[in-house]
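A short worksheet on the structure shown next.
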Amino acid sequence: MTLAVYPGTFDPITLGHVDVVTRARTLFDRVVVGVAHNAAKRGRHLFGLDERLELARASLAHLSGVEVDVVPGLLADYCRERGAGAIVKGLRSGTDLDAEVPMALLNRDLGGPETVFLAAAGAHARVSSSLVKDVAGHGGDVSGLVPDVVLAALERELAPAAARPPAGRP
Ligand code: PNS
């Protein structure tokens, strides 16, 4: 039974992430989507940890053998605790690879498993959580880039304060 961990911030999960999990499941019996606190980005998240977990779970509910969990500290430690045979990362471009190779080497030095890179499907190669938040934050249409549940959460989160119902009213 091979288990892989697919780590990320998932703020929020996109259709690009869903694509990588779907592909990873063709290679591994179980895939754990590991949502990291990411201390470096603390305070700069749009969604809190609980909501990121909830959105990821709802977006992946149609896939068997997939679990969403928190990576509370070092990824290499988490992989060892879970007995993971691989870390999975998605690549959209050479720029992604340049950023990912040092992390793969470091994770290996820290006692973690090998990292397996999966190429994003063409349609998802331009999707990133940051771009999704930027476009949605400026009122752009991201319906083709994120699962429906995330679309609804973005609309809620980014709705202009004036358009929100006053607190305390149903
Ligand atoms: O979606 P992101 O923000 O690109 O994901 C980055 C993530 C979460 C994969 C990375 O920050 C991570 O692995 N964090 C866990 C802490 C850790 O092990 N850091 C060292 C990684 S070499």
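To get my numbering, take the position in the sequence shown, counting from 1, and add 1043.
For glycine and all other residues, C-beta sits at the position ideal for the given N, C-alpha and C.
- Closest option to Leu1089, judged by alpha-carbon separation, among Leu1174, Gly1183, Ser1136: Leu1174.
- It is roughly 21 Å from the alpha-carbon of Thr1138 to the alpha-carbon of Val1064.
- Separation of Thr1069 and Arg1135 (C-alpha to C-alpha, rounded to the nearest whole angstrom) is 19 Å.
- Per DSSP, the continuous alpha helix (DSSP H) segment holding Pro1145 begins and ends at 1137–1152.
- A direct Cα-to-Cα measurement between Ala1163 and Ala1202 gives close to 30 Å.
- Here DSSP, grouped into helix, strand and coil, assigns Val1076 to strand.
- DSSP places Thr1069 in no alpha helix (DSSP H); its state is neither H nor E.
- Taking the Cβ of Met1044 as the reference point, every heavy atom of ligand 1 lies at 7 Å or farther away.
- According to DSSP, Ile1130 shares a beta bridge with Val1048, Thr1158.
- Ranked by Cα distance from Ser1172, the options His1060, Asp1191, Val1111, Thr1045 are led by His1060.
- If you draw a straight line from the Cα of Gly1128 to the Cα of Glu1157, it comes to about 7 Å.
- By the neighbour-count definition (other C-beta atoms within 10 Å, threshold 16), His1181 is an exposed residue.
- The three-state reading of DSSP puts Val1189 in coil, since its state is none of H, G, I, E or B.
- Contact annotation: Val1078 and Val1048 have beta-carbon atoms that are not nearer than 8 Å.
- By the neighbour-count criterion, in which a residue is buried when 16 or more other Cβ atoms sit within 10 angstroms of its Cβ, Leu1148 is exposed.
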